[in-house]
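Beneath this line is the structure, given in structure tokens, with notes to follow.
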Amino acid sequence: MITLKNGDGIAWPGGKRIAVLVTFDLDAELLRQSVVGRKEIGFSDTSRGQFGPYTGLPRCLAMLRRQGLQTTFFVPGRIVEEYPEAVASIVRDGHELAYHGYDHDNTVGRPREAEEADMVRSEALLEAACGKRPVGSRGPLDVLQEYSADLLQERGYLYDSTLKDCDWPYVLPNGLVELPTDVALDDFSYFYFTYADEAPINCSYLPDEVRVFWQDAFDELAAEGDKVLVLKLHPQLIGRLGRLRMLEQFLLYMKQNGAWLTTCREAAAYVKAFYAAGGTAGKPADRKDGGKA
């Protein structure tokens, strides 16, 4: 069997075949506001969003406890304000909190001053919730600005997890670690539903169909050996019955097949240390960091 090595050749700790980051975006109704591009959404979409912090999140946390897994939750500052007990439950279980905008504003071309003000406000809220400043970020609806990488570096961030230019981690010239994602590894692509006139979406895949997609992706990336698989999940979507069962089965499969399951913070710190010790910190072909990732 020929093993493809098109990444940077990173070796994972303990001889693990692949790094797997099971991440959650706790957006609640803010996700749905961003999708339709307005803050006024109907009761139906609002209630679907609220399913996340009220019902989906407790199920997700219970599953993570069963699996003995700590991971990363990307949480907008407004969610910390409006769902404090939900965020507190994440912290009590020892999970990492990371920056995800203040109110999940995905407007391309936002002024730098507005974004920095949102970061200052959200960082204070996240630090008050967990006792630590966030060191990681993910753009709302995968939107980054032209200045995002520089702003994150200036504010002391370790990593970003938004871009989709490859499937291995790398270090940007300014020292920021990128943990790339993929729409095929995002539960939004399979389970999002809305009646909204601006963006009617009906994703109705069966959970076991999605598991086949994700398991094939894991097997292929693990065989290549220098890759990272970032699952991007939303408690309002993956937290529905049947889907969470599928996710837990998938986690068990990855555990049994050489995955290093960890937080984004720990993975990014390992990547940075690996390259600092002499690994090749190459990155994909030059491209701008702004716009839709």
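Numbering (this note's numbering), first residue to last: 2 to 294.
No residue lacks a Cβ here, since even glycine has one placed at the ideal position from N, Cα and C.
All values derive from a computational prediction rather than experimental measurement.
What does a CB cutoff of less than 8 Å around G279 pick up in its chain, not counting 5 residues either side in sequence?
Counting from 1 along the sequence shown, the entry for residue 279 is found at position 278. Counting only Cβ-Cβ distances below 8 Å, and skipping sequence neighbours, we find nothing.
Please classify Y158: does DSSP put it in a helix, a strand, or coil?
Looking up residue 158 in the sequence shown gives position 157. Three-state result, Y158: coil.
In the DSSP assignment, the alpha helix (DSSP H) including T47 goes from what residue to what residue?
Working through the sequence shown from its first residue, we reach residue 47 at position 46. T47 -> alpha helix (DSSP H) spans F44 to F52.
Under a three-way DSSP split, which group does A145 fall into?
Position 144 of the sequence shown, counted from the start, is the residue given in the question as residue 145. The sequence given here has Leu at residue 145, not Ala. Looking at L145 - three-state DSSP - the assignment turns out to be strand.
What's the gap between the Cα of N175 and the Cα of A150?
Reading the sequence shown from its first residue, position 174 is the one you call residue 175. Reading the sequence shown from its first residue, position 149 is the one you call residue 150. Their backbone Cα atoms lie some 8 Å apart in a straight line.
Those runs of the alpha helix (DSSP H) which lie wholly inside the segment 18-101 and span at least 4 residues
30-37, 44-52, 58-67, 78-83 and 85-93
Under the three-state DSSP convention, the category K228 falls into:
As a working note, residue 228 is residue 227 in the sequence shown. In the structure shown, K228 sits in coil (DSSP, three-state: anything other than H, G, I, E or B).
Per DSSP, which residues does Y171 bridge with? Please list them.
Working through the sequence shown from its first residue, we reach residue 171 at position 170. The partner list for Y171 (beta bridge, DSSP) reads E179.
Are there three or more Cβ pairs, one per stretch, closer than 8 Å when the segment 86-100 is compared with the segment 34-47?
no
So, is F194 buried or exposed, given that buried needs 16 or more other C-beta atoms within 10 angstroms?
Looking up residue 194 in the sequence shown gives position 193. It is exposed - the Cβ of F194 has fewer than 16 other Cβ atoms within 10 Å.
Is the beta carbon of L58 less than 9 Å from the beta carbon of L27?
For this step, residue 58 is matched to residue 57 along the sequence shown. For this step, residue 27 is matched to residue 26 along the sequence shown. Yes; because the gap between Cβ atoms is below 9 Å, this pair is in contact.
Could you check whether the segment 243-257 touches the segment 207-214, counting it as contact only if at least three pairs of C-beta atoms, one from each stretch, sit closer than 8 Å?
Verdict: yes, contact present.
Could you compute how far the alpha carbon of Q51 sits from the alpha carbon of F251?
The residue you call residue 51 lines up with position 50 of the sequence shown. The residue you call residue 251 lines up with position 250 of the sequence shown. Looking at the two C-alpha atoms, the distance is approximately 26 Å.
Kindly indicate the opening and closing residues of the alpha helix (DSSP H) around L126.
Here the question's residue 126 lines up with position 125 in the sequence shown. Taken as a continuous stretch (DSSP letters only), the alpha helix (DSSP H) holding L126 covers R113 to C131.
R49 burial status per 10 Å Cβ neighbour count (16 or more: buried):
Residue 49 sits at position 48 when you count from the first residue of the sequence shown. Classification of R49: buried, given that the 10 Å Cβ count is 16 or more.
C-alpha gap between S123 and E97, whole angstroms:
In the sequence shown, the residue the question calls residue 123 occupies position 122. In the sequence shown, the residue the question calls residue 97 occupies position 96. Rounded to the nearest angstrom, the two C-alpha atoms are 15 Å apart.
Residue from Q237, D168 and R67 with nearest C-alpha to G53
Within the sequence shown, numbered from 1, the residue matching residue 53 stands at position 52. Taking only the C-alpha atoms, the option nearest G53 is Q237.
For A260, the residue or residues it bridges with in DSSP
Residue 260 sits at position 259 when you count from the first residue of the sequence shown. For A260, which the question treats as bridged, DSSP gives the partners I19.
With C-beta atoms as the reference, is L164 less than 9 Å away from C265?
Within the sequence shown, residue 164 is the residue found at index 163, counting from 1. Within the sequence shown, residue 265 is the residue found at index 264, counting from 1. No, the pair does not count as a contact, with Cβ atoms beyond the cut-off.
Opposite L234 in the DSSP bridges: which residues?
One-based indexing of the sequence shown puts residue 234 at position 233. The partner list for L234 (beta bridge, DSSP) reads F25.
As a quick exercise: from K233, A224 and E116, pick the residue whose alpha carbon is nearest that of G16.
Numbered from 1 along the sequence shown, position 15 holds the residue referred to as residue 16. For the residues K233, A224 and E116, the minimum Cα distance to G16 belongs to A224.
Expressed to the nearest angstrom, what Euclidean distance is found between the alpha-carbon atoms of L62 and I239?
Taking the first residue of the sequence shown as position 1, residue 62 is located at position 61. Taking the first residue of the sequence shown as position 1, residue 239 is located at position 238. Cα to Cα, L62 sits roughly 12 Å from I239.
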